[in-house]
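To start, the structure itself, in structure tokens.
Number of protein chains: 2
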Amino acid sequence: MTTKWNAKNSDPVARGLMIGFPPPSELRVGSEGEISGSSFPQTRWAFSHQRELKATVNVRRGSAAASALPRALRDDIDGVAFTTMEGEQTTWAQSLEAMFTDGIVILHRGAIVYETYRGALAPELPHIAFSMTKSFVGLLAATLAHEGKIDPAAPVAHYIPELEGSAFADASVRQVMDMTVGVKYSENYTDAEAEVRTYGIAAGYGKPPQGYDGPRSIVDFLCTLKKQGEHGQAFAYKTCNTEVLAWIVQRVTGTPMAQLISERIWQKIGAEEDGNIIVDPAGMAACGGGMSIALRDLSRFGEMMRKGGRFNGQQIVPEAVVADIAKGAEPAYFAKAGYQTMPGWSYRAQWWVSHNDLGAYTARGIHGQVCWIAPKAELVVARFASHPVAANGNSVLDKVSLPAYAAVAAHLMRG
Amino acid sequence: MTTKWNAKNSDPVARGLMIGFPPPSELRVGSEGEISGSSFPQTRWAFSHQRELKATVNVRRGSAAASALPRALRDDIDGVAFTTMEGEQTTWAQSLEAMFTDGIVILHRGAIVYETYRGALAPELPHIAFSMTKSFVGLLAATLAHEGKIDPAAPVAHYIPELEGSAFADASVRQVMDMTVGVKYSENYTDAEAEVRTYGIAAGYGKPPQGYDGPRSIVDFLCTLKKQGEHGQAFAYKTCNTEVLAWIVQRVTGTPMAQLISERIWQKIGAEEDGNIIVDPAGMAACGGGMSIALRDLSRFGEMMRKGGRFNGQQIVPEAVVADIAKGAEPAYFAKAGYQTMPGWSYRAQWWVSHNDLGAYTARGIHGQVCWIAPKAELVVARFASHPVAANGNSVLDKVSLPAYAAVAAHLMRG
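Each protein sequence line maps, in turn, to chains A and B.
In my numbering, each number is its position in the first sequence, counted from 1, plus 17.
In my numbering, each number is its position in the second sequence, counted from 1, plus 17.
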């Protein structure tokens, strides 16, 4: 491929992806082969249309009206200047292009001060959240622990006997929540042998290749994972932890994850659109990264976190649970993972915690999905993107985005 | 198979279909093989969970609150007695079991007088509407004709040049709407060679069998269909007509069907749940039978028709369009199709019209889906079912259901 892609020449609307009745065959996005929605630049359409490519379960918002989201738009944010981690001078507006942004909502003191939709995204379309899904699962698990329904100190096998014999059997629920489990599992998307590839097939993100005879469901996949190293020594980002945690949450509550998120979060924040989660062949939600939600609803969720679990006139998540996440975990464990762009950070209950002056913590997903919550700046940045590079940490994404958020925070704090 | 299935022993909740984390393998419902959601009794779960098995596009209800649907429940309907077309004495309550009913809402004078959910259905779950989808397409096409955007007298090829050379080229849009097109296409579900089987694969309802090399999209399929007999001579129920009509509607408006239904109907009636439509590999909605909607919303749609296109405080569809459908078409054309259970009926703009004393007309779908509108009884019956038999006409379904509706109408008209 000789094309040098950028946000403009990959724009799915300008290119006519999936436009027309039918779309021309060379401009279709499908579930496999050359037109796969998992490949860039088809991702630029597919990330806003997951349910049109895959089986999904509804995350229902309920039949009430959406909650109010005040607007106080500012026209001075586009011009905010900042320096990337690589020393480049740029502006907020320029960074949107560089990030292949599909949409951003910034809430300051609970009001929308900035909102943009690009590419195939629109306010009413759910966009895949990828690993931000994990932060929903972590929040629910932490809430259940707070309610005494899950014991974070208990071994995983106490809740899931099927995992006896796997890496997780003697890991504690807390270790699973904070991803300090010693398990042979590579999250390297560029390695064809990485376990994350098998996970992707088992969980229903992609179709099995010819001759595939591996696990065909998330839980079958989890049972195959073996111990490597010790638990509780270091943070290591491995999606399998989230799926174990989701399994525990669903087993303990007797309720599917999509229903839990609907009842405990989506209906309560007054979401304006239903979300959805990809389901695996056993009908279980892909909780490691399969949820799609609308952008304004992601910002509502972030605002609920910023306000200590309170939003839409009610306490939705216990304040203590939010405080525990915001406080973070042990940075020394995190440091061992070697993220150059995140010095001093930690990972707590499936959230990334900066320990910086703003008290910022974030939900993050590959290809540029972010919900950045900065309590001391009274700020939430909700972003969807379809950047060609998957990884966040140490990559082009963080090096531009983290300074961009800091600059906007400083700008808004000046008034 | 030796099991004699009935509503009770096939009940998906009692049997535990798709319950558990994960569901036991023998109680899973999937998209193919022995656990296919297209086979009874898995259909009893699958019909209420289509999107968890297939790629679907959203039919959005919007971010407002649902419209009010007053309740005036009556406890005397279950006991309404009637005689089936085969001379059997039964009651309304008994007929629900016999029909493998998943849910029924009866509206009388705009208020819910009866509501029940069974099997896997719940008020918030969309159930597949099957060919009731056609009546939505027909209503939109008739509305566009009323607005002058489609000329019913024009040949199909005027709007869809791709169909030049197919059976439809010289058929008029009106003939397509009323299904009097001469086309070689069998709708016989029990015949493995019937064209409806290929349609099902092309449209994304089912997976292609090994070695399948036929059309892979709805429009590709339509282009293969050849003329048989003359146009405009007789009614013949053939789903391909609806797909041609949907193609015309989408081409003329430049708008996908799911968006048209959302903007022109779903948002306006104040639906309480989003609907969804199965999409084919080209991303086009399966308009011949792929829509799923919630039961109360189906009843709102029926009530809008009963009130001449007016509901939720606004005129949603022109009164003249509804009147034209209710008036029906030429019963002599319909009679040639030989439906013994529907003497004197006709088919107009994708609706079945009884020409009876109640002015009743209906949307109908296989396996027992019905929206029965009886203006002179001020009555709407919305029903979802998962009866093992697909066909309506001449089958067990009509022979019980049509007398049942008539009996309830007579009962409620007495006061």
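Don't be surprised by glycine CBs; every beta carbon is placed ideally from N, CA and C.
Buried or exposed: which applies to residue i, given that a residue is buried once 16 or more other Cβ atoms fall within 10 Å of its Cβ?
i, result
"B/S316", "buried"
"B/L396", "buried"
"A/G324", "Checking the sequence shown, residue 324 of chain A turns out to be Lys, not Gly. Label assigned to A/K324: buried."
"B/R88", "exposed"
"B/E320", "buried"
"B/K353", "exposed"
"B/L90", "exposed"
"B/G79", "buried"
"A/D92", "exposed"
"B/P40", "buried"
"B/K166", "exposed"
"A/E69", "buried"
Please report how far the alpha carbon of residue i lies from the alpha carbon of residue j, in whole angstroms.
i, j, result
"B/V236", "A/K71", "21 Å"
"B/N409", "B/I383", "6 Å"
"A/M18", "A/S56", "Model confidence at A/M18 stands at a pLDDT of 48, short of 50, so the residue's coordinates are unreliable and nothing is read from them."
"B/G271", "B/F38", "43 Å"
"A/I295", "A/G306", "9 Å"
"B/V417", "B/G326", "29 Å"
"A/K393", "B/N26", "59 Å"
"A/T60", "A/G54", "5 Å"
"A/P58", "A/P405", "8 Å"
"A/D168", "B/G33", "28 Å"
"A/G249", "A/G300", "32 Å"
"B/P420", "A/I123", "59 Å"
"A/F185", "B/I278", "48 Å"
"B/Y378", "B/I342", "8 Å"
Is the CB of residue i under 8 Å away from at least one CB in chain A?
i, result
"B/W264", "yes"
"B/T241", "no"
"B/K71", "yes"
"B/P405", "no"
"B/Q267", "yes"
"B/P226", "no"
"B/A81", "yes"
"B/P298", "yes"
"B/F440", "No statement about residue 440 of chain B is possible, as the shown extent of chain B runs from 18 to 432 and does not include it."
"B/M35", "yes"
"B/R32", "no"
"B/M301", "yes"
"B/R45", "yes"
"B/R68", "yes"
Could you check whether the Cβ of residue i sits closer than 8 Å to any Cβ belonging to chain B?
i, result
"A/L138", "no"
"A/D291", "yes"
"A/V74", "yes"
"A/V173", "no"
"A/M18", "The pLDDT assigned to A/M18 is 48, lower than 50, so where the model puts this residue is not dependable, and the model offers no usable value."
"A/M321", "no"
"A/R281", "no"
"A/S234", "yes"
"A/E114", "no"
"A/D141", "As written in the sequence, residue 141 of chain A is Glu, which differs from the Asp given in the question. Yes, because at least one Cβ of chain B sits closer than 8 Å to the Cβ of A/E141."
"A/R77", "yes"
On the premise that residue j lies in contact with residue i, defined as a C-beta separation below 8 Å, what is that separation, rounded to the nearest angstrom?
i, j, result
"B/V46", "B/G136", "With a Cβ gap of about 13 Å, B/V46 and B/G136 do not count as contacting."
"B/E336", "B/A311", "About 26 Å separates the two Cβ atoms, so there is no contact after all."
"A/W264", "A/L242", "Going by Cβ atoms, the distance from A/W264 to A/L242 rounds to 12 Å, so no, they are not a contact pair."
"A/R313", "A/P143", "Their Cβ separation, rounded to whole angstroms, is 11 Å, which puts A/R313 and A/P143 out of contact at 8 Å."
"A/D187", "A/P172", "5 Å"
"A/A158", "A/V261", "With a Cβ gap of about 10 Å, A/A158 and A/V261 do not count as contacting."
"A/M308", "A/G292", "6 Å"
"B/I121", "B/A399", "7 Å"
"A/S363", "A/G345", "4 Å"
Task: Whole runs of the alpha helix (DSSP H) within the region 170-200 of chain A, excluding any shorter than 4 residues - done: Secondary structure remark: continuous alpha helix (DSSP H) runs of at least 4 residues inside the region 170-200 of chain A, in chain order: 173-176 and 190-195.
Task: Runs of beta strand (DSSP E) lying entirely within the region 57-107 of chain A, each at least 3 residues, in chain order - done: Look at the region 57-107 of chain A and you find these whole runs of beta strand (DSSP E), each 3 residues long or longer: 73-76 and 98-100.
Task: Unbroken stretches of the beta strand (DSSP E), 3 residues or longer, contained in the region 244-304 of chain B - done: Fully enclosed beta strand (DSSP E) runs of 3 or longer: 292-295.
TODO: Taking only runs that begin and end inside the region 342-386 of chain B, name each unbroken alpha helix (DSSP H) of 4 or more residues, in chain order.
DONE: Segments of the alpha helix (DSSP H) lying fully in the region 342-386 of chain B: 348-352.
TODO: Any chance you could list the alpha helix (DSSP H) runs of at least 4 consecutive residues sitting entirely within the region 28-53 of chain A, in chain order?
DONE: Counting whole runs of 4 or more residues, the region 28-53 of chain A contains the alpha helix (DSSP H) stretches 29-32.
TODO: Could you run through the region 48-66 of chain A and flag, in chain order, every residue whose CB is less than 7 Å away from some CB of chain E?
DONE: Among the protein chains of the structure shown, namely A and B, there is no chain E.
Task: Start-end ranges of the beta strand (DSSP E) lying completely within the region 110-160 of chain B, minimum 3 residues - done: Within the region 110-160 of chain B, the complete beta strand (DSSP E) segments at least 3 residues long are 118-125 and 128-134, listed from N- to C-terminus.
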